[in-house]
Structure formats: structure tokens, C-alpha cells
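*Asks:* If you scroll down you'll find the structure; I have some questions about it.
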Amino acid sequence: MKKIAVFTSGGDAPGMNACIRAVVRTAVYHKLEVYGIGRGYNGMIQGEIFRLFSHSVSNIIQKGGTILKSARCPEFQTPEGRKRAYDQISKFGIDGIVAIGGNGTFTGAQIFHEEYGIPVIGAPGTIDNDLYGTDYTIGYDTAVNTALDAIDKIRDTADSHERVFFVEVMGRDSGYIAMPCAIGGGAEMVMIPETITSMPEVIETLQQGWRRSKTSFIIIVAEGDDEGGATEIAAKVKQALPQMDAKVTIIGHVQRGGSPTAADRLLSSQMGMAAVEGLMAGRTNEMVGVINGEIVYTPFHDTITKKKPISESFLKLVQILSN
Ligand code: ATP
């Protein structure tokens, strides 16, 4: 292996830059030529491919976002799009790829490898943390801390005005962000896609709290909860309990930005190095992960098809600690 390329794809996540840096520096250390591909699979199709050097990744470890940019690329889902991408990859003589992204990115990489035989290793760059094959994904720790910071501020105002706050955090398919926000933010309730939310129970819990003279409530809602997002859930509560001053805060895209935490920088650096060394060792079609502090490689097939369940003990923790 002489020339490798790295790209970021799907939703951006804080720590992607630290991972790019680790890929580039590890490649340089092992005397490989390294290239960046801009804007995910779009750049691959359009030949937005450029040489990276050690100094190209100076002063980026602390920055959110991704210097390589990210994009969704429907064209890569067509055989014609992938053929165009392959033509560009071969024009540059690239013989290995590091893909930083989520399951969609890995699905594309797997198909690309099957069609054209280019080795690909994935690094899990997504704030959602719902990928099988790693304890944590790049950007998750930062996103949780950003949300928690906002929740702390909401708690101050909730307490002063005796209000119920429904705080929506990211998580279309999973409660991975919502759960630590609820525990760490001292929330009274959490609503996540993995469990069925019972509106009568929610209303009963609020009423019970009111009877016990509890004056403010924080309820964390993952955006993909089965009863809807925070706005819909708050509307249902207001209908049942019109006397309650229910407010909604949607934390939104601030969760994707910001300087990565120490944990994310460390994780991204470990994964970037392991991705390059995995390619050099002849690995392909696998995602690098860290489980119990150890580097592991999981076939894309498993990452894409298997679920990483959320700990049930966390739900119990929210319930008991909010009493
Ligand atoms: P996130 O978890 O942040 O959403 P992701 O990698 O899952 O990240 P997607 O938008 O699902 O994000 O996928 C990124 C890109 O991967 C798509 O825009 C597309 O170019 C490519 N991709 C996704 N699914 C396929 C597929 N079935 N075949 C080929 N390419 C795909």
C-alpha cells in the first residue's frame, strides 16, 4: 500500500478533524502518500482529491466540523456514480481509503469495495453513538456535554419560574444522547425511541410531582420519540393540564458544533491511527472501534445490521434519582 485517501461523510461530528489529523500523521509516519477527498462521496465522484502533508493538519485538533467538508451524495447510490468515483480514485492511484462517517457511509463503502476491490476502513464519525462495534463514536461525548451545558442553564430558569421544560436533544433513532443528558442534567423524565412513552403515565407523574409541591420539571425528549418531538409532547401535556406552564427548548444543531472534548480528541486520534494501520495490515470492509479501551475491528456488515442496545439500568437510574 502506497497511497491512501481520507474523507468525511454524512452528518459532521466534533472530533472528525482530530481523526483526519491522526490518519494523515500516521500515514506520513509510515511513509505513505496521503490524500484528502472533499465533500464526502461528492468529491470522490468529481475528483476533488488533493495531497495532504503533515503540516496540512496543523492546528485542527481542537476545531469542530471537518476541514474536508461533508455532504450527502445520492449519486453514489447509483452504479454510474460509483463508476465515476472509481475512475477518479484510480486516476490518483489510491490503493486504500479511510471513510469517517456513519452507517450510510459504510454501506456505500462496502458496495464500492465489492464492486472495485479498493480496501476501505471506516471510523465511526457520528454524534449519535448508535453504531455497533464501538463503545463510543467520534463526537458523542462533545454533543452530550454541549446539550448538558444548555440543560443546566434551562434548569436555572425552570426553577425560578416554576415551569415544566421539555428539552429536545438529537436522536432520531436512539436515546444515546438523551440518556446521559437526563442523568447528568438531573431530569425528572426521559423519553427515547427505544421505549414506549405512555402519555397517561407522563401526566400522572407530573400531577404526582405537583401534589408533592415539586415546582419545576425538566423532561428530556429524544427527537425520535414515539409520541413525537418535544413540541408535540408538550402540546399533549398542555391539553391535559392547562394550568401547567410548559415550555419547549429544542437544542438542535449546536450539538454538532464546538471544540471536541478531551475524550473525543483521544478517541478520534486512536481511531485514525488504527484505521491506517488496519489498512496496512490488509484489513478491509471493517469499522475501527474502541471497546473497553481496546481497538477492535468490526465488519461493516455487522455494524450496519446489528443494534447496540441502550442500557436499561440507565432508565432505572433516571426514575429513582428523580424522586
Ligand atoms: P449519519 O449517521 O451522521 O447520518 P451516515 O454516514 O449514516 O452519517 P448518510 O447520509 O446515511 O450518513 O450516508 C452518507 C452517504 O453515504 C450518502 O449521502 C451516500 O452518498 C452514501 N450512501 C448511503 N447509503 C448508501 C447506499 N445504500 N449505497 C451507496 N451509497 C450510500
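Residues 1 to 323 (full-length UniProt numbering) make up the sequence shown, in order. A virtual CB, placed ideally from N, CA and C, is assigned to each residue, including glycine.
(1) Less than 6 Å between C-beta atoms, sequence neighbours within five positions excluded: which residues of the same chain meet that for LYS63?
(2) Roughly how many angstroms lie between the CA atoms of GLY76 and ARG84, to the nearest whole one?
(3) Is ILE111 close to the ligand ATP? I mean its beta-carbon at under 7 Å from any heavy atom of the ligand.
(4) Indicate the three-state DSSP secondary structure (helix, strand or coil) for MET244 in the structure shown.
(5) Closest by CA to PRO79, which one among ALA109, HIS253, GLY96?
(6) Is THR305 near the ligand ATP, going by C-beta to nearest heavy atom under 7 Å?
(7) Pick out whichever of PRO200, GLN208, ASP264, ALA5 has its Cα sitting closest to the Cα of VAL34.
(8) Considering only C-alpha positions, which residue in the set GLY10, LYS2, PRO14, TYR297 is nearest to GLY266?
(9) Which residues in the same chain have their Cβ closer than 8 Å to the Cβ of LEU321, if we skip the five residues on either side of it in sequence?
(10) What is the DSSP secondary structure of GLU204, counted as helix, strand or coil?
(11) Any heavy atom of the ligand ATP within a distance shorter than 7 Å of the CB on GLY104?
(12) Could you please give me the residues that DSSP links to PHE125 through a beta bridge?
(13) Verify whether the separation of the beta carbon atoms of CYS73 and MET271 is less than 8 Å.
(14) Please find out if some non-hydrogen atom of the ligand ATP comes closer than 7 Å to the beta-carbon of THR142.
(15) Between which two residues does the alpha helix (DSSP H) carrying LEU32 extend?
(16) Apart from the five residues just before and just after GLU194, which ones in its own chain have a Cβ nearer than 8 Å to its Cβ?
(17) Apply the 10 Å Cβ neighbour rule to SER9 and answer buried if 16 or more other Cβ atoms are within range, or exposed otherwise.
(18) Kindly identify the DSSP beta-bridge partner or partners of PHE7.
(19) Assuming residue 353 and CYS181 are in contact, meaning their beta carbons sit under 8 Å apart, how far apart are those beta carbons, in whole angstroms?
(20) Between which two residues does the alpha helix (DSSP H) holding ILE45 run?
(21) Do three or more CB pairs link the stretch 41 to 48 to the stretch 277 to 295 at distances below 8 Å?
(22) Considering only the beta carbon of each residue, do GLY125 and THR137 sit closer than 8 Å?
(23) Looking at VAL237 and ALA230, is the spacing between their C-beta atoms short of 8 Å?
(24) Which whole-angstrom value is the C-beta distance of GLY224 and ILE121, which I expect to be below 8 Å?
(25) By DSSP, does GLU312 sit in helix, in strand, or in coil?
(26) When you compare the CB positions of ARG21 and SER70, do they come within less than 8 Å of one another, or not?
(27) Report, in whole angstroms, the separation of the C-beta atoms of THR26 and VAL296, which I expect to be a contact under 8 Å.
(28) Who are the near neighbours of THR146 in its chain, counting only those whose CB is closer than 8 Å to its CB and skipping five residues on each side?
(29) Since MET179 is in the beta strand (DSSP E), which residue starts that stretch and which ends it?
(30) Report the residue from SER58, LEU68, SER54, TYR29 whose alpha carbon sits nearest the alpha carbon of GLU48.
(31) Measuring only the C-alpha atoms, how far is ALA274 from GLU286?
*Replies:* Reading it off the structure:
(1) Taking the first residue of the sequence shown as position 1, residue 63 is located at position 63. So the list reads ASN17, once near-sequence residues are dropped.
(2) For the purposes of this step, residue 76 is identified with residue 76 of the sequence shown, where counting begins at 1. For the purposes of this step, residue 84 is identified with residue 84 of the sequence shown, where counting begins at 1. One point to set straight first is that residue 76 is Phe, not Gly, in the sequence displayed. So the alpha carbons of these two residues sit roughly 9 Å apart.
(3) Here residue 111 corresponds to residue number 111 of the sequence shown, with the count starting at 1. Correct: ILE111 has its Cβ closer than 7 Å to the ligand ATP.
(4) Within the sequence shown, numbered from 1, the residue matching residue 244 stands at position 244. Coil at MET244, not helix or strand.
(5) Numbered from its first residue, the sequence shown carries residue 79 at position 79. Closest by alpha carbon: ALA109.
(6) On the sequence shown, position 305 is the one that residue 305 refers to. Result no, Cβ not under 7 Å from the ligand ATP.
(7) Counted from its first residue, the sequence shown places residue 34 at position 34. When each option's Cα is compared against that of VAL34, the closest is ALA5.
(8) Along the sequence shown, one-based indexing puts residue 266 at 266. According to the sequence as given, residue 266 is Leu; it is not Gly. Nearest option by C-alpha distance: PRO14.
(9) Your numbering for residue 321 matches position 321 in the sequence shown. These residues qualify, in order along the chain: ILE183, GLY186.
(10) On the sequence shown, residue 204 is found 204 positions in, with the first residue counted as 1. In this structure, GLU204 counts as helix in the three-state DSSP scheme.
(11) The sequence position of residue 104 within the sequence shown is 104, counting from 1. Checking every heavy atom of the ligand ATP against the Cβ of GLY104, one is found closer than 7 Å.
(12) To locate residue 125, count along the sequence shown from 1; it is residue 125. Correcting the residue identity first, residue 125 is Gly in this sequence and not Phe. Looking at the DSSP assignment, GLY125 forms a beta bridge with ILE138.
(13) As a working mapping, residue 73 is identified with position 73 in the sequence shown. As a working mapping, residue 271 is identified with position 271 in the sequence shown. No; because the gap between Cβ atoms is not below 8 Å, this pair is not in contact.
(14) Your numbering for residue 142 matches position 142 in the sequence shown. THR142: no, Cβ never under 7 Å from the ligand ATP.
(15) Counting from one through the sequence shown, the residue named residue 32 turns up at place 32. Where LEU32 is concerned, there is no enclosing alpha helix (DSSP H), given that its DSSP letter is neither H nor E.
(16) As a first step, residue 194 must be located in the sequence shown, where it is residue number 194. Excluding positions up to five away in sequence, the list reads SER174, GLY175, PRO309, ILE310.
(17) Within the sequence shown, the letter at position 9 stands for residue 9. Buried.
(18) Within the sequence shown, residue 7 is the residue found at index 7, counting from 1. ALA99, per the DSSP bridge assignment.
(19) The question about residue 353 has no answer, for the chain in this structure spans 1 to 323.
(20) Taking the sequence shown and counting its residues from 1, one reaches residue 45 at position 45. From DSSP, the alpha helix (DSSP H) with ILE45 extends over 40 to 46.
(21) no
(22) What you label residue 125 is simply residue 125 of the sequence shown in a count that begins at 1. What you label residue 137 is simply residue 137 of the sequence shown in a count that begins at 1. Result yes, Cβ atoms of GLY125 and THR137 sit closer than 8 Å.
(23) Working through the sequence shown from its first residue, we reach residue 230 at position 230. Working through the sequence shown from its first residue, we reach residue 237 at position 237. No, they are not a contact pair.
(24) As a working note, residue 224 is residue 224 in the sequence shown. As a working note, residue 121 is residue 121 in the sequence shown. Actually they do not touch by this definition, with Cβ atoms about 29 Å apart.
(25) As a working mapping, residue 312 is identified with position 312 in the sequence shown. In the structure shown, GLU312 sits in a helix (DSSP, three-state: H, G or I).
(26) As a first step, residue 21 is located in the sequence shown; it is residue number 21 there, counting from the start. As a first step, residue 70 is located in the sequence shown; it is residue number 70 there, counting from the start. No; because the gap between Cβ atoms is not below 8 Å, this pair is not in contact.
(27) Counting from 1 along the sequence shown, the entry for residue 26 is found at position 26. Counting from 1 along the sequence shown, the entry for residue 296 is found at position 296. About 18 Å separates the two Cβ atoms, so there is no contact after all.
(28) As a working mapping, residue 146 is identified with position 146 in the sequence shown. Within the same chain, THR146 has close Cβ partners ILE251, VAL254, GLN255, GLY257, GLY258.
(29) Here residue 179 is taken as the residue at index 179 of the sequence shown, counted from 1. Element bounds for MET179: not the beta strand (DSSP E) but the alpha helix (DSSP H), 178 to 184.
(30) Against the sequence shown, residue 48 aligns to sequence position 48. Comparing Cα-Cα distances from GLU48 to each of SER58, LEU68, SER54, TYR29, the minimum goes to LEU68.
(31) For the purposes of this step, residue 274 is identified with residue 274 of the sequence shown, where counting begins at 1. For the purposes of this step, residue 286 is identified with residue 286 of the sequence shown, where counting begins at 1. Cα-Cα distance, rounded: 11 Å.
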